[in-house]
Amino acid sequence: MKNKIFNRILCVIIAAGLSVSLFGCKKESNEAAVIVEEAEEDEKEDEFLPNEDTVRPSSKEETVNIKAKADGSIRKIKISETITADDEEKPIEDISTLSDIINPDGDEEFTTDKDDRIIWENKGQPITYEGNTEKKPPVGINISYYLNGQKKKPEEMAGANGNFKIVFRYKNKSKVPFIALSMVALPSDVFSHVKVKGGKTVISGGNSFAVGYAAVGLGKRIGFSKCELTGDIKLNEKVVITGKCKDFELDYTETMFTNGIFSDIKKKDINDLLKVADKSKKLKEGSAELAIYSDDLYEGVLEINDYLKEYVNGVLGAAKGMNELSSGMKELNDNAGDLKNGANSLKKGLGAMNKALESVDTEALAQMASVNPELASLVSMLEGLKESTDALYTGSVSLSKGVSDYTKGVSRIYNGSKSLSEGVGKLSKAGDELKNGSEKLLSGTDDYRDAIKEFDEKGIKKLSDLVGEDYRKVVNNIKKMRKIDKKYTSFTGDGSGKKNSVSFIFETDEIKKQSISD
-14 MKNKIFNRIL CVIIAAGLSV SLFGCKKESN EAAVIVEEAE EDEKEDEFLP
36 NEDTVRPSSK EETVNIKAKA DGSIRKIKIS ETITADDEEK PIEDISTLSD
86 IINPDGDEEF TTDKDDRIIW ENKGQPITYE GNTEKKPPVG INISYYLNGQ
136 KKKPEEMAGA NGNFKIVFRY KNKSKVPFIA LSMVALPSDV FSHVKVKGGK
186 TVISGGNSFA VGYAAVGLGK RIGFSKCELT GDIKLNEKVV ITGKCKDFEL
236 DYTETMFTNG IFSDIKKKDI NDLLKVADKS KKLKEGSAEL AIYSDDLYEG
286 VLEINDYLKE YVNGVLGAAK GMNELSSGMK ELNDNAGDLK NGANSLKKGL
336 GAMNKALESV DTEALAQMAS VNPELASLVS MLEGLKESTD ALYTGSVSLS
386 KGVSDYTKGV SRIYNGSKSL SEGVGKLSKA GDELKNGSEK LLSGTDDYRD
436 AIKEFDEKGI KKLSDLVGED YRKVVNNIKK MRKIDKKYTS FTGDGSGKKN
486 SVSFIFETDE IKKQSISD
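Residue numbers (the numbering used here): -14 to 503.
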């Protein structure tokens, strides 16, 4: 978008200039002026109201023809006005301060009225009239001549040979943004190696012309150089023509000043440019906030990464413990069969012993103990042993059942610990992957944060600076000039028509041997 509107201004200038007949031909139409659009109601007021029996011009083309000496100083001014009206029946009422008014090409009559009003007979055709004025134009030119590096008077250039230079300098005493377009005819039998600074050479009809343009003070008034975005826009302040000459002579030079270049710019276009500054400001604020959020995001990811490290380390510890548990349970499960067999053998042995003790005739032993007192202790011992054996057998039965249940439980626990160990192992592997992913996420977030900050510093802030206050001033200056430009539509009279234009054309005297005008 850079310089889109500003470059458009330059395109209008060149297009308008090249369409003008600056080659000594008679100006017959509105090609000699840039047409100014109808102004908005808030920018322009009617300067007069016509009578009920008259109609105002719908368009007015004003050409200020200025005869000048070879150095650009004014000798004579004659103004040509061409007016048209939409209503072809009512007389046309115009305002003009011209004196010595004549209608050179038509037969329409006119009468004068108060307040510089002129009432023209209307025959449905454009009316072109001429007159004189004492009013000084707001623009002017100064033409300097050089031969072999030495400044010369115009008459001293006549018939000269060598390296020549012609410098056009322009004046603008008003606030109106005028553009100057100069043309010099350069016959090839007199001039060669021609270069134009601030313009170009043009070939037309076999003849060479140097054509250049300048916008006097326009770049400074707009403030292009003070804004980085528009700092590279350079508007010519002068036109310099250089080359070689043989028997130097010029038929004439012609320079046209015209305004209206800013009237081609829509108010919406200017408002859109101002909106860019507003949106850029919001974008800058949003980008700065995004940079802050990127720091918060990095801190959050860093905290998550620390938690994941603790979690993964815990999972790794659990995996190690589960492996040890699984190994221990395997050993228990492997030895559970021996334990069960031992309990069953104990039960079986106690059962056999219990049966053997039950087969002893304790009554016979009691009778024998009554005969032999030494046997009494044996009987008592047998009875106690029998009771103990009964208790042990009963316990062995319970032990056998408990060992059986225990071995079943160990088997189940072992199978469970095995599955759990495998699950924890998978979880540990997943934890490693999660940890690696978290590290990559942290690294990526850090890169993202750096990219956001770089984007903010080198991108958004830079862009915001480009369309900052200096840019806003440039656009507002263009807005002001557009208003001034649209209002200036006449030099000597009324400019309130729908399509009005004004141009100043300077034609200088010839430079030839013994033909210099006093």
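For glycine and all other residues, C-beta sits at the position ideal for the given N, C-alpha and C. All figures in this text were calculated on a predicted structure; none of them were measured in a lab.
What are the start and end residues of the alpha helix (DSSP H) that includes LEU203?
-> From DSSP, the alpha helix (DSSP H) with LEU203 extends over 203 to 207.
For PRO139 versus ASP217, is the C-beta spacing smaller than 8 Å?
-> no
Can you tell me where the alpha helix (DSSP H) with ASP470 in it begins and where it stops?
-> Secondary structure note for ASP470: its alpha helix (DSSP H) is the uninterrupted segment 454 to 472.
Element boundaries [alpha helix (DSSP H), containing LYS73] = For the record, residue 73 in the displayed sequence is Glu; it is not Lys. That residue, GLU73, is in no alpha helix (DSSP H); it is neither H nor E in DSSP.
Using the C-alpha atoms, what's the distance from PRO122 back to GLU66?
-> Between the alpha carbons of GLU66 and PRO122 lies a gap of roughly 16 Å.
Would you report the Cα separation of ARG41 and SER193, rounded to the nearest angstrom?
-> 43 Å
Once you ignore the five residues that flank GLY208 on each side, which residues in its own chain have a CB closer than 6 Å to its CB?
-> LYS458, VAL459, ASN462.
Cross-strand partners of GLN499 (DSSP beta bridge) = Bridge partners of GLN499: none, in fact.
Selected residue, minimal CA-CA separation from VAL171, among PHE149, TYR155, PHE163, ARG154 = The residue asked about is misnamed: residue 171 is Leu in this sequence, not Val. That would be PHE149, whose Cα lies nearest to the Cα of LEU171.
Compute the distance between the beta-carbons of GLU141 and GLU492, then report whether it is under 8 Å.
-> no
At what residues does the alpha helix (DSSP H) containing GLU141 begin and finish?
-> 139 to 142
Neighbourhood of GLU495 by C-beta distance below 7 Å, restricted to the same chain and skipping five residues each side = Once the five neighbours on either side are set aside, the close Cβ partners of GLU495 are LEU235, ASP236, TYR237.
For ARG154, the first and last residue of its enclosing beta strand (DSSP E) | Following the DSSP letters along the chain, one finds ARG154 inside the beta strand (DSSP E) bounded by residues 147 to 157.
Kindly indicate which three-state DSSP category ILE490 falls into: helix, strand or coil?
-> The three-state secondary structure of ILE490, taken from DSSP, is strand.
Kindly indicate which three-state DSSP category ASP254 falls into: helix, strand or coil?
-> DSSP places ASP254 in helix when its eight states are reduced to three.
Can you give the Cα-Cα distance for GLY245 and ALA195, rounded to whole angstroms?
-> Going by the C-alpha atoms only, they are around 24 Å apart.
Does DSSP classify PHE163 as helix, strand or coil?
-> coil
Nearest-angstrom Cα separation, counted from ASP71 out to GLY197 | 37 Å
Pairwise C-alpha distance: SER44 and LYS99 = 22 Å
Of the residues THR477, GLN499, LYS464, SER488, which one's Cα is nearest the Cα of ASP249?
-> LYS464
C-alpha distance - GLU93 paired with GLU106, whole-angstrom precision = Their backbone Cα atoms lie some 5 Å apart in a straight line.
What residue range is occupied by the uninterrupted beta strand (DSSP E) comprising TYR198?
-> 192 to 199
For LEU214, the three-state DSSP class (helix, strand or coil) | coil
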